[in-house]
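Here the structure is laid out as structure tokens; the discussion comes afterwards.
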Amino acid sequence: MALDSKIPNGPLADKWTNHKSKINLVSPANKRQIDVIVVGTGLAGASASATLAELGYNVKTFCFQDSPRRAHSIAAQGGINAAKNYQGDGDSTYRLFYDTIKGGDYRSREANVHRLAEVSTNIIDQCVAQGVPFARDYGGLLDNRSFGGVLVSRTFYAKGQTGQQLLLGAYSAMNRQIGRGKIKMYNRHEMMDLVVVDGKARGIIARNLVSGKLERHSAHAVVIASGGYGNVFFLSTNAMGSNVSAAWKIHKKGAFFANPCFTQIHPTCIPVSGDHQSKLTLMSESLRNDGRIWVPKNLEDVQAIREGKLKPTEIAEENRDYYLERRYPAFGNLVPRDVASRAAKERCDAGYGVNKTGEAVYLDFADAIVRYGKEQAHVKGLDENNKALVKKLGQEIVRAKYGNLFQMYDKIVDQNPYETPMMIYPAVHYTMGGVWVDYNLMTTIPGCYAIGEANFSDHGANRLGASALMQGLADGYFVLPYTIGDYLADDIRTGKIDTQLPEFERAEAGVRAQLEALITNKGKNSVDFYHKKLGKIMWDKCGMSRNTTGLNEAIAEISALREDFYKNVNVPGTLNEFNEQLAKAGRVADFLELGELFAKDALERNESCGGHFREESQTPEGEAKRDDENFTFVSAWEYKGESAKAKLHKEVLKYEAIEVKTRSYK
Ligand SMILES: Cc1cc2nc3c(=O)[nH]c(=O)nc-3n(C[C@H](O)[C@H](O)[C@H](O)COP(=O)(O)OP(=O)(O)OC[C@H]3O[C@@H](n4cnc5c(N)ncnc54)[C@H](O)[C@@H]3O)c2cc1C
3 MALDSKIPNG PLADKWTNHK SKINLVSPAN KRQIDVIVVG TGLAGASASA TLAELGYNVK
63 TFCFQDSPRR AHSIAAQGGI NAAKNYQGDG DSTYRLFYDT IKGGDYRSRE ANVHRLAEVS
123 TNIIDQCVAQ GVPFARDYGG LLDNRSFGGV LVSRTFYAKG QTGQQLLLGA YSAMNRQIGR
183 GKIKMYNRHE MMDLVVVDGK ARGIIARNLV SGKLERHSAH AVVIASGGYG NVFFLSTNAM
243 GSNVSAAWKI HKKGAFFANP CFTQIHPTCI PVSGDHQSKL TLMSESLRND GRIWVPKNLE
303 DVQAIREGKL KPTEIAEENR DYYLERRYPA FGNLVPRDVA SRAAKERCDA GYGVNKTGEA
363 VYLDFADAIV RYGKEQAHVK GLDENNKALV KKLGQEIVRA KYGNLFQMYD KIVDQNPYET
423 PMMIYPAVHY TMGGVWVDYN LMTTIPGCYA IGEANFSDHG ANRLGASALM QGLADGYFVL
483 PYTIGDYLAD DIRTGKIDTQ LPEFERAEAG VRAQLEALIT NKGKNSVDFY HKKLGKIMWD
543 KCGMSRNTTG LNEAIAEISA LREDFYKNVN VPGTLNEFNE QLAKAGRVAD FLELGELFAK
603 DALERNESCG GHFREESQTP EGEAKRDDEN FTFVSAWEYK GESAKAKLHK EVLKYEAIEV
663 KTRSYK
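Numbering-wise (this note's numbering), the sequence shown opens with residue 3 and increments by one.
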């Protein structure tokens with residue numbers, strides 16, 4: 003099958019406007035004849051469901067949580083980008099477009115990224131109209147801060163709870179449609195398979211997670227908004243339930259999976275503290291606006307800190323290595339995440355890590371507290387030389403900006419970050435890879451769409467901070483609702499899709515057989531046993547740096563682990579009850595297949611780009627070295643019975659509006 007990305011012709015800046023004007027529409031009366039299934043209620047799924055229902059389609063929405071409001075998007079902390087240029091600091095649609103392409107290390111599709119930058123401004127207006135309480139400045143105007151990889155302030159935020167506030171906005175828009183009967187909401191329902199009839203996506207098999215019952219649901223189109231797959235690493239900042247299963251099931255039914263190895267390792271997370279952990283906690287990138295990252299310059303100081311004989315606050319300024327400011331003076335602490343993560347790893351690998359395991363660096367707010375404190379003292383006509391007063395005033399400002407994040411750190415680490423620097427280390431956070439989609443966000447299965455983090459998205463090989471929320475909401479509020487009509491215009495006379503069709507029967511039987519095999523296995527190891535083992539292989543061999551030997555080992559080890567899983571996994575309980583372990587077993591089974599494709603993709607991409615760092619391809623300074631001649635493409639994998647046999651298709655990327663350069667943040 004040939005890949006067709008369906009990028010409209012014409013000048014880049016006009017593509018989206020022209021495309022919208024020319025694609026097929028479904029009349030309001032005919033929308034009532036059409037059913038759409040949306041899997042997922044995060045920012046992408048909730049915004050899509052609300053908008054499609056508002057337009058008049060009959061929407062059925064599914065999530066595995068007890069409420070749509072508990073989707074993982076609620077965890078997003080730092081903010082959402084938009085090219086509003088409210089700060090008058092030189093921002094524009096082009097600059098957001100440029101920053102995103104450069105940030106992704108020239109591995110994303112120009113047309114999609116430009117559209118994203120164009121609609122970014124609409125998102126803010128939409129959310130403000132919904133009542134999302136974005137932070138405002140003294141004069142009452144919307145405030146902004148900066149995120150990594152950019153030289154402007156374009157990030158809108160609601161303290162450290164931006165995702166929560168945005169999701170509440172989307173959720174209320176959804177609730178209005180639930181009240182009108184236009185959305186039928188299926189909480190605690192997990193999509194188990196896609197049903198394809200005559201080559202088109204026509205429904206899903208879902209499992210009611212409370213009763214265990216399998217259900218058939220039909221529709222004229224199916225939208226997958228099931229989020230990212232970072233939990234293939236076991237430990238990540240994602241919500242515990244985040245998984246790849248919905249995306250993987252459609253992959254097995256014909257949807258190509260793109261760039262599976264493109265993973266984002268976030269530089270500012272609370273370091274791993276031991277084997278007992280099942281979750282890692284993010285400290286938002288927004289903290290890098292004011293926090294300075296450093297390690298001691300001298301190994302004796304590192305040793306003394308680890309032994310508890312020295313405190314970081316006792317290390318003199320000249321004995322600190324602010325390594326990001328040193329290596330990247332132009333962007334300093336706000337370099338993109340991939341760059342900051344690798345730099346932290348480099349320092350820790352060289353022995354400068356500041357916690358017991360040697361895997362932590364400092365994120366320090368002492369300077370910011372003094373800077374803000376002096377400013378406040380000046381504004382209020384108080385004594386700028388009174389250190390205690392300045393500290394108190396400065397801490398108040400820092401508390402107002404990042405209070406909940408500081409409180410979270412204090413609760414988890416039991417150290418007061420107002421008084422001592424935070425300790426941070428990189429952790430798995432986001433997956434740029436995902437289901438391949440064309441310009442209309444349709445997968446390679448007609449009628450099956452993928453939006454939000456579930457698709458391979460607009461972020462290339464590295465996503466810039468605060469751009470995931472932007473992309474999810476762009477897809478859901480402003481892109482899919484237009485583009486889906488182009489496909490559905492041919493379905494206005496199709497009528498209801500019958501769930502008694504043999505395709506539904508077969509799909510349901512397949513799901514039942516898999517569940518029965520898992521529950522009757524009665525092996526000796528728990529599901530988590532396998533998930534942890536898989537996570538360790540992924541982190542050690544497919545993590546922050548990758549090489550040929552490690553990747554080949556990973557492929558063999560994951561394959562062996564999968565075999566052992568099916569022989570020896572033990573899933574307690576029964577089929578027809580609320581059984582979290584059974585749900586998890588299905589998700590881990592899919593991770594065990596994805597993991598292999600991930601390693602295969604990383605092996606195939608014998609270059610470094612963005613978050614994908616191949617040790618064989620680096621500059622003398624240790625920076626990622628792209629190979630544009632051979633790798634300026636999106637890897638799109640076609641399922642051929644098992645991950646080992648997956649077939650690679652290449653979507654060659656063309657850069658017409660942007661000059662492709664070596665990425666530099668110096
Ligand atoms: C801690 C943290 C902080 C972040 N902060 C920011 C930030 O400040 N700014 C930013 O831009 N990005 C941030 N991100 C990234 C961003 O939050 C995510 O990329 C984004 O929220 C993903 O949204 P989504 O709608 O695609 O998926 P999700 O929010 O993950 O939602 C997935 C939905 O799919 C459902 N689902 C999944 N599988 C199934 C299935 N099989 N059957 C039924 N339902 C299913 C789930 O129930 C859920 O409703 C952060 C990420 C993390 C981990």
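A virtual CB, placed ideally from N, CA and C, is assigned to each residue, including glycine.
(request) Under 6 Å Cβ to Cβ from R109, same chain only, skipping five residues before and after it: list those, please. (result) G462, A463 and C611
(request) Kindly give me the distance between the Cβ atoms of G171 and G474, rounded to whole angstroms, as I take these residues to be in contact under 8 Å. (result) That belief does not hold up - the Cβ atoms of G171 and G474 are roughly 13 Å apart, past 8 Å.
(message) Checking the sheet assignment: what are the DSSP bridge partners for F567?
(response) DSSP lists no partner for F567.
(message) Please give me, in chain order, every unbroken run of the beta strand (DSSP E) with length at least 3 that falls completely inside the stretch 331-414.
(response) The qualifying runs are 363-366.
(request) Assign V381 to one of two classes, buried (16 or more other C-beta atoms within 10 Å of its C-beta) or exposed (fewer than that). (result) exposed
(message) Alpha carbons only, please: which of S94, I206 and Y100 is nearest the one belonging to A511?
(response) I206
(request) Compute every distance between the C-beta of K21 and the non-hydrogen atoms of ligand 1, then say whether any falls below 7 Å. (result) Checking the displayed sequence, the identity of residue 21 turns out to be His instead of Lys. If you check the C-beta of H21 against ligand 1, you find no heavy atom less than 7 Å away.
(request) Taking the CB atoms as reference points, tell me whether V121 and A370 lie closer together than 8 Å. (result) no
(message) Just checking H191 against ligand 1 - is the residue's beta carbon closer than 7 Å to any of the ligand's heavy atoms?
(response) yes
(message) Suppose you measure from the CA of N457 to the CA of N261; what does that come to, to the nearest Å?
(response) 10 Å
(message) Assess contact between the stretch 75-84 and the stretch 49-59, defined as three or more Cβ pairs (one per stretch) separated by less than 8 Å. Is contact present?
(response) Counting C-beta pairs with one atom in each stretch, the stretch 75-84 and the stretch 49-59 have fewer than three that are closer than 8 Å, which means they do not touch.
(message) If you measure between the beta carbons of I453 and A223, is that distance less than 8 Å?
(response) Taking 8 Å as the cut-off, the beta carbon of I453 is found no closer than this to the beta carbon of A223.
(request) Reducing DSSP to helix, strand and coil, say where I544 ends up. (result) Looking at the sequence itself, residue 544 is Cys, so the reference to Ile does not match. Collapsing the DSSP output to three states places C544 in a helix.
(request) Output the distance between the C-alpha atoms of L98 and D366, rounded to the nearest integer angstrom. (result) 29 Å
(request) Tell me the start and end of each unbroken alpha helix (DSSP H) in the stretch 423-484 that is at least 4 residues and wholly inside, in chain order. (result) 470-475
(message) Checking 8 Å against the spacing of the C-beta atoms, do V28 and L490 come in under that value?
(response) At the C-beta level, V28 and L490 come within 8 Å of one another.
(request) Less than 8 Å between the CB atoms is what I'm expecting for V234 and L599, so what's the real figure, rounded? (result) Wrong, their Cβ atoms sit about 10 Å apart, outside the cutoff.
(request) Indicate the three-state DSSP secondary structure (helix, strand or coil) for Q279 in the structure shown. (result) coil
(request) Using the DSSP secondary-structure output, state which residues sit across from C271 in a beta bridge. (result) L284 and Y427
(message) Check whether the stretch 304-315 and the stretch 350-357 touch, using three or more Cβ-Cβ pairs below 8 Å as the test.
(response) Yes, since at least three Cβ pairs between the stretch 304-315 and the stretch 350-357 fall closer than 8 Å, the two stretches touch.
(message) Applying the 10 Å Cβ sphere with the 16-neighbour rule, what's the burial state of E112?
(response) Per the 10 Å Cβ criterion, buried.
(request) Identify whether V529 lies in helix, strand or coil by the three-state DSSP scheme. (result) helix
(message) Checking 8 Å against the spacing of the C-beta atoms, do M187 and A208 come in under that value?
(response) no
(request) Note down the Cα distance separating M424 from E559, rounded to an integer number of angstroms. (result) About 36 Å.
(request) Can you say whether S213 is buried or exposed, counting buried as having 16 or more other CB atoms within 10 angstroms of its CB? (result) exposed
(message) Using 8 Å as the threshold, is the C-beta distance between R514 and L216 below it?
(response) yes
(request) Please indicate yes or no: does the CB of S343 lie closer than 7 Å to some heavy atom of ligand 1? (result) no
(message) I need the straight-line Cα distance from C271 to Y231, nearest angstrom please.
(response) 18 Å
(request) State the DSSP-derived secondary structure class of Q620, mapped to helix, strand or coil. (result) strand
(message) Just to check my reading of the structure: P428 and A346 have Cβ atoms closer than 8 Å, yes? What is that Cβ distance to the nearest angstrom?
(response) Indeed, because the Cβ distance is near 6 Å, the residues count as touching under 8 Å.
(message) Let me make sure I understand the geometry here. Which of Q163, G150 and V154 has the alpha-carbon closest to that of R137?
(response) Correcting the residue type first, residue 137 is Ala in the shown sequence and not Arg. Answer by Cα proximity: Q163.
(request) Reducing DSSP to helix, strand and coil, say where T19 ends up. (result) helix
(request) Jot down the residue ranges of each uninterrupted beta strand (DSSP E) in the stretch 143-230, minimum 3 residues, whole runs only, in chain order. (result) 185-188, 191-199, 202-210, 216-220 and 223-226
(request) Starting from the C-beta of G334, find all residues in its chain whose C-beta is less than 7 Å away, skip the five residues before and the five after it, and write them out in chain order. (result) L326 and E327
(request) Might you give, ordered along the chain, the residues of its own chain that have their beta carbon closer than 8 Å to the beta carbon of N388, omitting 5 neighbours on each side? (result) A379
(message) Suppose contacts are defined by Cβ-Cβ distances below 8 Å. Is T157 in contact with A402 by that definition?
(response) Between T157 and A402, the C-beta gap is not smaller than 8 Å, which leaves the two residues out of contact.
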